[in-house]
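> I am attaching a structure below and will ask some questions about it afterwards.
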Amino acid sequence: MGKILIVDDTLFMRTLIKNILFTGGHSIAGEAGDGEEAIAKYQELKPDLVTMDIVMPKMNGIEALKGIKAVDPAAKIIMCTAVGQEQMVKLAIKSGAKGYIVKPFQAPKVLEEVKNVLAS
Amino acid sequence: MTEVPVKVEFNKEWIVTKLAVSEDRMVFPAPINKEILFKSVLDVSEKKNILIVTVKTDTEVVYKILSVEKVLQFLKVRILPLCNAYRLMAYFMSPAIRGGVMIKEASWEKGSVVVVKSGIWFVGALKQISVPITEVAAIELTKRDVQGKPTEVIKIDYLESAEVVSSLVLCPISTLQVLYNFLKDTTKSMDMKGTELDGVDQQVAMLVYSGMDSHAIENMLTIPHKQLDSIYDKILTLGIAEVVIIRREIQLTPKGVRYITDATKSQTN
């Protein structure tokens, strides 16, 4: 079970991910609504894992991923992507993301990916 | 004629028989005693290891043929090129994308796209993949890099084991638009305006997809049970969800309250 930072610009998606993670027995380290806040919260909270939305205001998920990787190369980050963003996922994996989950989310798939990445 | 071992559903029973197959027809021996010309086949679909063939003679008759994959593949390769369908030579990549991510080993395969009543078939020498119309989520004209050049292709998104999978079709530009229009028309019954559900309704639908139950949805969206119930009604009426379980909320009667009170007393004494 891990301490997780949820990054998404919509409260609804953050609440959904939070609920799914709770059902899997994980705890929530914190939440961030954009890429800049994600980097700051990562340094402050030192979570075991980050779920990162790709399309966000101020700084997008790919830039935030790079920013977090710059301060902690071992950071475990799962990208949250929508169907049709396959090029973005390729770029994210190249930039160091450990996994991805696809919107709309299905609880078992999210928990499986989180489990895999935490164990990696 | 080549004879292949199959089981055929006849009078609601599976009978073991040998199906005789030639270039343009197949013959069911007794007790079925039917000769089927492939050009009279109106529809072909597949469920696990059963090939479902609809034939139009005087009336429409459905034949269910059960066999091993090798035999079914042989039948599909014979029936699909000749059956009554919209057919087009094309290159296809199926599946190309699974869950939003490109499949590494996916490659373009030469074959045909066969559109029958119940689905779209990608027919190649090595594989025959069917996509039921009811599983198609979207069809769009898009561009993909083919041998380094951005090229127009048709992308068909569909659900497979609750996961969105995409297949790509590549053919000359002149026929691409025709195929696109035909596919759009074939899947018209699945189209929705996109305005049927408002913001909260859509959130409820998304939460249902995510596996949340009524209680979790009410808590997450902070909506009362009555409102959720009416949203469920709207979703059900649209035919985009179905009832899987009806839960009950109960309240104790005085007899029940007495029972629980007594039980608590005996635990604390």
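Protein chains in written order, with the working numbering: chain Z, 1 to 120; chain V, 121 to 389.
Yeah, the Cβ is synthetic: ideal placement off N, Cα and C, and Gly gets one too.
Please report whether the beta-carbon of isoleucine 20 of chain Z lies at a distance below 8 Å from any beta-carbon of chain V.
yes
> Using a C-beta to C-beta distance shorter than 8 Å, which residues of chain V count as neighbours of leucine 118 of chain Z?
Result: empty, since nearest Cβ-Cβ is about 20 Å, beyond 8 Å.
> When the Cβ atoms of the segment 308–321 of chain V are set against those of the segment 286–298 of chain V, are three or more pairs found closer than 8 Å?
By the criterion of at least three beta-carbon pairs nearer than 8 Å, the segment 308–321 of chain V is not in contact with the segment 286–298 of chain V.
> Taking proline 215 of chain V as the reference, give the member of V:Leu279, V:Asp318, V:Val175 with the closest Cα.
V:Leu279
> Taking C-alpha atoms, which residue in Z:Leu118, Z:Met79, Z:Glu44 lies nearest to valine 55 of chain Z?
Nearest in C-alpha terms to valine 55 of chain Z, of all of Z:Leu118, Z:Met79, Z:Glu44, is Z:Met79.
> Would you mind sorting glycine 376 of chain V into buried or exposed? The rule is 16 or more other CB atoms within 10 Å of its CB.
exposed
> Do lysine 176 of chain V and serine 160 of chain V count as a contact pair if the criterion is CB distance below 8 Å?
yes
> Roughly how many whole angstroms lie between the Cα atoms of glutamate 283 of chain V and phenylalanine 194 of chain V?
28 Å
> At what residues does the alpha helix (DSSP H) containing valine 191 of chain V begin and finish?
Valine 191 of chain V -> alpha helix (DSSP H) spans 189–199.
> So if DSSP puts serine 250 of chain V in a beta bridge, which residue, or which two residues, is it bridged to?
V:Trp241
> Which residues does DSSP list as the beta-bridge partners of isoleucine 276 of chain V?
BP columns for isoleucine 276 of chain V point to V:Ile259, V:Ser287.
> Based on the DSSP secondary-structure assignment, which residues constitute the bridge partners of leucine 157 of chain V?
V:Arg145
> Closest Cβ-Cβ distance between leucine 91 of chain Z and chain V: below 8 Å?
no
> From the DSSP output, which residues share a beta bridge with tyrosine 42 of chain Z?
BP columns for tyrosine 42 of chain Z are empty, so no partner.
> Provide the residue span of the alpha helix (DSSP H) that contains aspartate 321 of chain V, from first to last.
319–330
> What distance in whole Å lies between the Cβ atoms of valine 124 of chain V and valine 191 of chain V, which are believed to be in contact at a cut-off of 8 Å?
Taking the Cβ atoms as the reference, valine 191 of chain V lies roughly 5 Å from valine 124 of chain V, within the contact range of under 8 Å.
> Any chance the segment 93–103 of chain Z sits against the segment 129–142 of chain V, with 3 or more Cβ pairs inside 8 Å?
no
> What do you get for alanine 210 of chain V, buried or exposed, if any count of 16 or more other CB atoms within 10 angstroms of its CB means buried?
buried
> Rounded to the nearest angstrom, how far is the Cβ of alanine 32 of chain Z from that of leucine 5 of chain Z, given a contact under 8 Å?
7 Å
> So, at 8 Å on beta carbons, what are the nonlocal neighbours of glutamate 113 of chain Z in its own chain, with the 5 sequence-adjacent residues on each side left out?
Ile78, Gly99, Tyr100, Ile101
> How about phenylalanine 105 of chain Z and serine 281 of chain V: do their beta carbons lie closer than 8 Å?
no
> Curious, which full-length beta strand (DSSP E) runs of at least 3 residues does the segment 12–74 of chain Z contain?
27–32, 49–53
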